[in-house]
Amino acid sequence: SPETMVTDVLLSMNRAESDNLLGDQCKIPDIPLQQQDLEERCAFWAMVENNNKYEVIFQLRGPNTMEAMRYNFLTMAPATCIDIQMVSIMCHVLNREELPRFQRDVYCVPPEILTRMFDTYGTNYLDKKTKLPHRLELLKDHADYMGLLDRDKLKSHSALFAPVVYSNHWWLYVLDVDNKEFYIIDSVHGINPNQQRAKLHRFACNILNQIRVWAGAKSILKKGTISLQLRCVDVPKQPNPYDCGV
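If you read the sequence shown in UniProt numbering, its first letter stands for residue 1, the second for the next number, and so on.
(1) Can you tell me whether Val233 is buried or exposed? The criterion is at least 16 other CB atoms within 10 Å of its CB, across all chains shown.
(2) Leu200: buried (16+ other C-beta within 10 angstroms of its C-beta) or exposed?
(3) According to DSSP, simplified to helix, strand and coil, what is Leu99?
(4) May I ask you to report which of helix, strand or coil DSSP gives His178?
(5) With 16 as the cutoff for other CB atoms within 10 Å, does Gln85 come out buried or exposed?
(6) Specify whether the region 168 to 175 and the region 124 to 141 touch according to this definition: at least 3 beta carbon pairs, one from each stretch, less than 8 angstroms apart.
(7) When you compare each of Thr80, Pro78, Cys81, Tyr54 to Ala68 by their alpha carbons, which one comes out closest?
(8) Can you give me the C-alpha to C-alpha distance between Asn192 and Asn52, rounded to a whole angstrom?
(9) Across which residues does DSSP place Pro78 in a beta bridge pair?
(10) In three-state DSSP terms, what is Lys27?
(11) Return helix, strand or coil for Val87, following the three-state DSSP convention.
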């Protein structure tokens with residue numbers, strides 16, 4: 001539920017606060033963790049609309065400081081498409097959590113790069129001269145987006161989880177590096193994506209491979225190919241336009 005998602009993020013923020021990762025402007029409510037109505041209190045505090053939407057709720061310290069405002073949390077309300085900033089924050093929080101799986105195996109790629117590449121090129125991503133997908137280096141402000149990434153984890157981890165939003169719909173890519181497999185988890189298009197959607201998926205696989213190569217890893221694509229084979233996972237269909245992945 002949206003309340004649970006808000007709670008998870010706020011509790012992660014509290015853990016980050018204790019680790020001195022939050023900026024000076026952070027304004028996290030003092031909420032007893034054992035309180036039964038924790039979810040409702042967190043949701044009300046973060047999402048009530050008569051508060052200042054542009055109030056900075058917290059800053060996450062790191063190589064690139066990230067801010068979240070109240071209006072970012074408002075996008076977690078029911079019947080709303082979640083804001084990209086919130087998903088990016090969740091990726092960064094998971095990557096910093098002291099959980100064996102995320103410290104050893106799984107790296108969450110923040111959604112900004114894939115989303116920006118999709119918005120810039122869409123399905124027309126082949127360079128007319130090279131006949132290859134456009135390079136990340138050509139993306140405006142690409143250095144800022146690449147600065148969000150952890151080179152060491154991109155090289156060492158065996159799986160990349162990459163959420164992306166396009167045309168107000170979220171779905172997830174999973175790149176299995178060890179087995180060289182590429183999975184698509186999409187609660188709208190399912191196991192039978194149309195031709196245009198399949199082109200986006202191949203582009204995404206190529207982008208994630210470019211990101212790993214940028215980090216110093218070896219390419220997992222065979223010479224002359226732009227993507228691994230697409231493997232669409234059979235997942236339940238969402239019942240409405242906004243519960244992506246639910």
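We put the CB at the ideal spot given by N, CA and C, even for glycine.
Looking at the atomic coordinates:
(1) Against the sequence shown, residue 233 aligns to sequence position 233. Val233 comes out exposed.
(2) The residue you call residue 200 lines up with position 200 of the sequence shown. Burial call: buried.
(3) Numbered from its first residue, the sequence shown carries residue 99 at position 99. Of the three classes helix, strand and coil, the one that applies to Leu99 here is coil, per DSSP.
(4) Position 178 of the sequence shown holds residue 178. Looking at the sequence shown, residue 178 is not His but Asp. In the structure shown, Asp178 sits in coil (DSSP, three-state: anything other than H, G, I, E or B).
(5) For the purposes of this step, residue 85 is taken as the residue at position 85 of the sequence shown. So Gln85 counts as buried.
(6) no
(7) Working through the sequence shown from its first residue, we reach residue 68 at position 68. When only C-alpha atoms are compared, the closest one is Tyr54.
(8) Locating residue 192 in the sequence shown gives position 192, where the first residue counts as 1. Locating residue 52 in the sequence shown gives position 52, where the first residue counts as 1. Straight-line Cα distance between these residues: approximately 43 angstroms.
(9) Locating residue 78 in the sequence shown gives position 78, where the first residue counts as 1. Per DSSP, none; premise fails for Pro78.
(10) In the sequence shown, counting from the first residue as 1, residue 27 sits at position 27. For Lys27, the predicted model reports a pLDDT of 43, less than 50, meaning its position is unreliable and no value from the coordinates is stated.
(11) The residue you call residue 87 lines up with position 87 of the sequence shown. Reduced to three states, the DSSP call for Val87 is helix.
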